[in-house]
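Chains as they are written, first to last, in this note's numbering: chain U, 234 to 544; chain Y, 16 to 476. Yeah, the Cβ is synthetic: ideal placement off N, Cα and C, and Gly gets one too. Worksheet: the structure to be examined is printed underneath.
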């Protein structure tokens with residue numbers, strides 16, 4: 234069952250085309266991923282779904298009702314975890330959760346119980362008395378998530394919730410997302426970390442420069458690059474001559490370089506490594522390491538845009 | 016979400032900020048205590064409790080100057096057309112009139128002046144030393160030839176200028192002003208008498224009456240003496256309607272209260288932008304909290320904080336410093352009106368900061384404008400001792416109007432005397448709130464490129 238339907242959504246800011254006629258739908262009970270590099274238009278899309286900004290054109294419906302005409306149709310059923318920490322630093326975790334509970338009309342015992350439940354979910358049960366400014370980055374992120382869960386939203390939008398935190402907190406957040414989804418919550422998860430999207434999302438839209446360049450399940454997306462390999466090479470130095478030589482190999486479809494690293498998108502070919510080593514030996518550069526990866530979303534993005542996701 | 020939730024949250028945020036508490040609660044308390052104590056002398060003009068003590072220095076020699084005057088009078092210039100007995104008669108009449116006594120007994124010791132001034136006649140060096148030790152307020156120097164010139168002015172057609180020098184101490188500005196005022200009053204009285212005497216002599220001479228006859232009218236001398244005895248010197252002080260004047264603690268408690276609520280307006284001026292920059296504003300919008308509710312929340316936060324601030328100041332100054340604020344109902348009404356005006360001002364600053372996307376306006380207000388408003392509103396010095404322009408400007412400044420109203424109630428005045436101030440404060444609150452609404456309506460509200468969850472840099476990237 235389709236919970237959220239986005240049709241031909243556009244947002245222009247003066248001469249910047251932030252979101253360009255995108256369409257996708259989110260089904261009830263799924264974790265939907267929006268994958269794309271910084272500046273792809275993910276946050277603008279989320280701001281429009283959250284009723285924060287009006288689209289230039291297009292339609293957004295929630296449960297069949299237009300949220301552009303009736304924002305209230307989604308507001309009470311939606312939880313948003315913004316990319317930045319949207320909390321009051323000088324108040325405690327408990328006071329923040331209490332305030333955000335009030336913002337959704339929760340009061341008295343109901344609010345108290347929900348704060349306790351949410352504290353349990355985000356793993357900060359005994360640490361709510363501290364002021365937010367005294368929390369670590371990971372703890373702040375967790376409270377940031379907790380504030381969006383108090384009113385038991387049907388749809389939770391998480392905008393890059395793991396940016397800048399330690400691996401332990403990151404794992405906790407990812408597990409929390411899966412747990413919430415198990416409990417029946419529909420989640421839109423945006424990230425530029427491919428692994429997170431691969432780990433969490435059943436369906437994914439890949440965005441770049443305001444457009445959706447591919448949509449589908451992971452399998453469907455990887456099918457795009459079927460028969461391709463992604464090879465990560467590390468050199469002592471990358472010269473123009475080296476790039477030209479490698480580019481002349483017929484199996485190489487795309488080259489992306491950053492610092493001393495080179496990511497190749499190649500068609501499967503029997504002699505790929507032989508040719509590669511032969512071409513490198515014709516130059517002054519030396520290979521320091523080779524990493525061959527199975528086709529994944531990164532490869533899909535590289536294939537579609539000619540750039541790596543980290544760009 | 017209810018507006019009260021936003022108010023309580025904002026108050027909590029403000030009250031957990033040590034800097035805010037320091038500036039807005041502790042500073043006025045400390046400054047009132049320090050200024051009230053340090054400048055108490057400046058305000059101590061209650062005649063029942065304290066008199067102004069001055070030193071009078073005589074630089075003249077009474078005997079020599081009298082002799083000099085008699086010699087001048089009996090010189091050919093004056094004694095022409097008069098025989099010896101007539102001359103003796105005039106001299107006798109004039110000498111009945113003791114010029115020194117006239118200054119000290121008839122003037123300085125008359126009932127009105129005695130109630131204000133104490134004087135002692137001492138040498139100049141001793142007087143300077145006492146002034147340095149703040150044991151006297153001022154030194155009045157009666158110059159060389161004072162007696163001679165006085166006799167000449169009162170009994171001949173000549174008019175010699177007399178300079179009475181007043182040296183003021185640095186400790187008590189108001190006392191100096193009073194002493195100067197009294198001496199000025201003396202000079203003016205003497206001048207008017209001299210003019211009267213000259214007219215009398217001129218008319219008499221024109222009518223062909225000789226000098227000896229003119230001075231034989233005993234009542235001429237008596238009139239001069241009586242006029243000086245009844246010298247009413249009007250003092251321009253804090254006394255309003257002859258009621259008990261304000262003490263320094265009273266003045267500074269009201270003045271600092273009126274000044275420091277301006278800081279609340281400045282701090283309130285940052286509230287909306289802080290929400291916007293913290294993205295909490297946007298988070299509320301996502302939850303369906305309307306912009307009007309948020310702005311109303313900010314308005315009442317500033318209102319409540321100003322109320323709290325004033326209440327603390329009143330409680331502290333009453334309980335610790337013994338300040339009598341006057342009728343508590345009237346004080347409460349002024350407090351509500353002042354908080355209303357400050358809430359309007361704070362919301363207006365908040366709207367401007369939000370609109371500009373910068374704290375500059377609120378920062379400039381707190382660092383510069385507050386002090387200018389305080390100066391022009393009379394929070395640093397009583398408006399009565401400042402130039403006239405300050406009195407005029409204070410009527411258009413919230414702190415000036417609030418201070419005026421508080422002072423009126425402290426002096427025992429009623430609602431009639433503070434009604435204009437109350438209406439002005441309400442009008443200020445209404446006007447500034449309307450300006451805020453106008454500014455915020457021009458804004459797109461939450462729909463702001465920079466501050467939606469997507470940042471501009473990312474969109475452009």
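Using a Cβ-Cβ cut-off of 8 Å, residue 303 (chain Y) counts as an interface residue toward chain U, since at least one Cβ of chain U sits closer than that to its own. In the displayed model, residue 421 (chain U) falls within a strand according to three-state DSSP. Assignment of residue 517 (chain U) by DSSP, reduced to helix, strand and coil, places it in the coil class.
For residue 321 (chain Y) against residue 279 (chain Y), the beta-carbon gap comes to about 5 Å, under 8 Å, which counts as contact. Taking CB atoms only, residue 425 (chain Y) has no neighbour in chain U less than 8 Å away.
Contact annotation: residue 511 (chain U) and residue 468 (chain U) have beta-carbon atoms that are not nearer than 8 Å. Scanning its chain for C-beta atoms nearer than 8 Å, with the 5 sequence neighbours on each side dropped, one finds around residue 424 (chain Y) the residues 340, 341, 342, 345, 346, 349, 433, in chain order. For residue 506 (chain U), the nearest beta carbon of chain Y is not closer than 8 Å to its own beta carbon. Check the Cα spacing between residue 349 (chain U) and each of U:379, U:528, U:400: the tightest is with U:379.
Take the alpha-carbon of residue 521 (chain U) and the one of residue 494 (chain U): they are about 10 Å apart. No Cβ-Cβ contact shorter than 8 Å links residue 336 (chain U) with residue 371 (chain U). Separation of the CB atoms of residue 261 (chain Y) and residue 422 (chain Y) is rounded to 6 Å, and the pair is thereby assigned contact status at 8 Å. The Cβ-Cβ distance between residue 536 (chain U) and residue 458 (chain U) falls below 8 Å. For residue 482 (chain U), the closest alpha carbon among the candidates U:470, U:509, U:490, U:456 is that of U:509. If only complete runs of 4 or more residues are kept, the stretch 258 to 322 of chain U shows the alpha helix (DSSP H) at 275 to 282, 305 to 308, in order along the chain. In summary, residue 369 (chain U) is exposed, with fewer than 16 beta-carbon neighbours lying within 10 Å of its beta-carbon over all protein chains present. In the DSSP assignment, residue 489 (chain U) is bridged to U:496. In this model, residue 43 (chain Y) and residue 275 (chain Y) are separated by some 6 Å (Cα to Cα).
In the same chain as residue 36 (chain Y), and ignoring 5 residues on each side of it, the C-beta atoms closer than 7 Å to its own belong to 30, in chain order. Closest by C-alpha distance to residue 426 (chain Y), out of Y:369, Y:25, Y:265, is Y:265. Around the C-beta of residue 397 (chain Y), 16 or more other C-beta atoms lie within 10 Å, and the residue is accordingly described as buried. Listed in chain order, the positions of the stretch 327 to 345 of chain U with a beta carbon within less than 8 Å of a beta carbon of chain Y are 328, 332, 333, 335, 336, 337, 338. The beta carbon of residue 150 (chain Y) does not come within 8 Å of any beta carbon belonging to chain U, so the residue lies off that interface.
For residue 401 (chain Y), the closest Cβ of chain U is not nearer than 8 Å. The C-beta of residue 300 (chain Y) comes closer than 8 Å to at least one C-beta of chain U.
With a threshold of 8 Å between beta carbons, residue 28 (chain Y) makes contact with chain U. For residue 435 (chain U), same chain residues with a beta-carbon under 7 Å away, outside a window of 5 residues either side, are 263, 264, 450 in chain order.
The shortest CA-to-CA distance from residue 70 (chain Y) to any of Y:121, Y:390, Y:132 is the one to Y:132.
At a cut-off of 8 Å between beta carbons, residue 307 (chain Y) makes no contact with chain U. Of all C-beta pairs linking the stretch 121 to 132 of chain Y to the stretch 197 to 214 of chain Y, three or more are shorter than 8 Å, placing the two stretches in contact. Shortest Cα-Cα distance from residue 26 (chain Y) to any of U:341, U:332, U:244, U:534 involves U:332. At a cut-off of 8 Å between beta-carbon atoms, residue 305 (chain U) makes contact with chain Y. Contact residues of the stretch 436 to 453 of chain U toward chain Y are absent (C-beta to C-beta distance below 7 Å). At least one C-beta of chain Y is nearer than 8 Å to the C-beta of residue 313 (chain U). With a cut-off of 8 Å on Cβ pairs, the stretch 360 to 373 of chain Y is in contact with the stretch 441 to 449 of chain Y, counting three or more such pairs.
DSSP places residue 359 (chain Y) inside the alpha helix (DSSP H), whose first and last residues are 343 to 371.
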